[in-house]
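In numbering that gives the first Met the number 0, the protein residues as written are 0 to 321.
Worksheet: one structure, shown below.
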Amino acid sequence: MAQSTTAEVIIVGGGLAGLSAAIYLGRAKRDTLVIDGGNSMARWEPKVQNYLGFPQGISGEELLSRAREQARCYRVRFKRDRVVRGRIRGDHFSLRGEKGSYTSQRLLLATGIFHIPPNISGIQPCLGQSMFFCKDCDGYRVQGKAIAVYGWTNEAVDYALAMLSYSSCLVIITDGHTPRWNKQHAGWIREYNIPVYSQPVTGIRKTRRQIRALCLADRSQIAVDALFTTRGNIYFNKLAGDLGAKVNRNGEIAVDLEMRTTVPGLYAAGCVTPANCQMIIAAGQGATSAQAINRDLFEESLKTHSLRSRIHPPPKKMAHAG
Ligand SMILES: Cc1cc2nc3c(=O)[nH]c(=O)nc-3n(C[C@H](O)[C@H](O)[C@H](O)COP(=O)(O)OP(=O)(O)OC[C@H]3O[C@@H](n4cnc5c(N)ncnc54)[C@H](O)[C@@H]3O)c2cc1C
């Protein structure tokens, strides 16, 4: 394998969290490398409406592309690769990717998550168009429409209750699963008259990427405009595990308020942490982690008397003008 690529800071993940951190670290003049597999969830959103500064919306792809361009202005380097293993060697992190190996003093994991889609044939093309994972991102855009919430847990009921702010035309679909919500949630379903359909879903009727109806096993169809799913997430936390960082029961990487993990020198930001999974929050966490990384490196330099330069020559002293 070719020689290891080194950087002062490596960021694994070039989504919203990783790119925001990269911009901050580049501007702090840290030698920064972003290693990215190129699968940011943001790519699935055709029109982001809740990101600050874009009143007409912006596509997730365009937002990522602008952020990469902005990071390049500050000499951040990029590598398209998927990191498969991480190790700590002395005071360095050592990473192995499918295409190369990498070494850094500080490491930020901004690897994100994968929302598990419903197990319904033909649904994939509807992702981000009429099938959604996030009420806070997409509830507003489907207001007044016919909405189905897919799930069988308390979370599905919580979702349905929250969606009532946007539409009173709402059903819960359990797709053949026995409901696992508790008494309190069952009470709320009754109180707000939310219909529950428990037959398996056999397919969908759609026009291009727009769902028109869900087809049930008893051959009935439920006309819907939007499907929200609550099947949970897969957290891309393997590297945190390799490096010995604490991961909580959900699979989220545990971090403090400045995005430090339990391993010194290792940070995490974005949806792979216990954050509310929103673009602007991921970007904010990326910036927070970068500030902490920069400050930690600065303090280390003071301790080791290795700040990058000393005053030479000092600025000229001028005679008093007045
Ligand atoms: C359909 C859809 C619509 C959405 N719409 C909105 C919206 O309108 N508004 C909003 O605020 N949020 C929205 N979101 C959520 C938003 O996309 C996320 O909050 C945001 O992308 C999280 O940023 P992140 O940096 O944590 O993760 P991501 O943006 O997912 O980036 C993670 C990156 O890490 C890379 N990676 C992972 N593991 C490795 C590895 N081992 N080696 C190298 N690279 C790796 C991935 O390839 C990916 O590029 C939407 C999500 C989806 C799925």
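C-beta: ideal position from N, C-alpha, C; glycine also.
What would DSSP say about residue i, mapped onto helix, strand or coil?
i, result
"G59", "helix"
"D255", "coil"
"K182", "helix"
"M40", "helix"
"T5", "strand"
"F297", "helix"
"M130", "strand"
"F153", "Per the sequence presented here, residue 153 reads as Asn, with Phe not at that position. Three-state result, N153: helix."
"Y158", "helix"
"V223", "coil"
If you count every other CB in all the chains shown that lies within 10 Å of the CB of residue i, and 16 or more means buried, which is it?
i, result
"Q284", "buried"
"R259", "buried"
"I233", "exposed"
"F227", "buried"
Any heavy atom of ligand 1 closer than 8 angstroms to the CB of residue i?
i, result
"D35", "yes"
"H114", "yes"
"D295", "no"
"V82", "yes"
"D137", "yes"
"Q55", "no"
"E44", "yes"
"G240", "no"
"T228", "no"
"A286", "no"
Output the distance between the C-alpha atoms of residue i and residue j, rounded to the nearest integer angstrom.
i, j, result
"L238", "R84", "6 angstroms"
"I115", "T272", "17 angstroms"
"A161", "Y139", "11 angstroms"
"L265", "L106", "5 angstroms"
"G170", "R179", "A small correction: the amino acid at residue 170 is Val; Gly does not occupy that position in the sequence shown. The straight-line gap from Cα to Cα measures roughly 16 angstroms."
"A20", "V141", "32 angstroms"
"L215", "Y158", "21 angstroms"
"G59", "G150", "27 angstroms"
"H176", "K144", "25 angstroms"
"G13", "D80", "11 angstroms"
"E298", "G25", "18 angstroms"
"S103", "V47", "34 angstroms"
"Q128", "A70", "29 angstroms"
"H184", "P45", "33 angstroms"
"L62", "N49", "12 angstroms"
Have a look at the options and flag the residue whose alpha-carbon is nearest the alpha-carbon of residue i.
i, options, result
"V246", "I57, R309, I221 and L108", "L108"
"E154", "I210, C133 and Y101", "C133"
"R29", "P313, N293, K315 and P312", "N293"
"I34", "Q69, M40, Y101 and R86", "Y101"
"E7", "E190, P117, C270 and D90", "D90"
"C136", "W43, F77 and G250", "W43"
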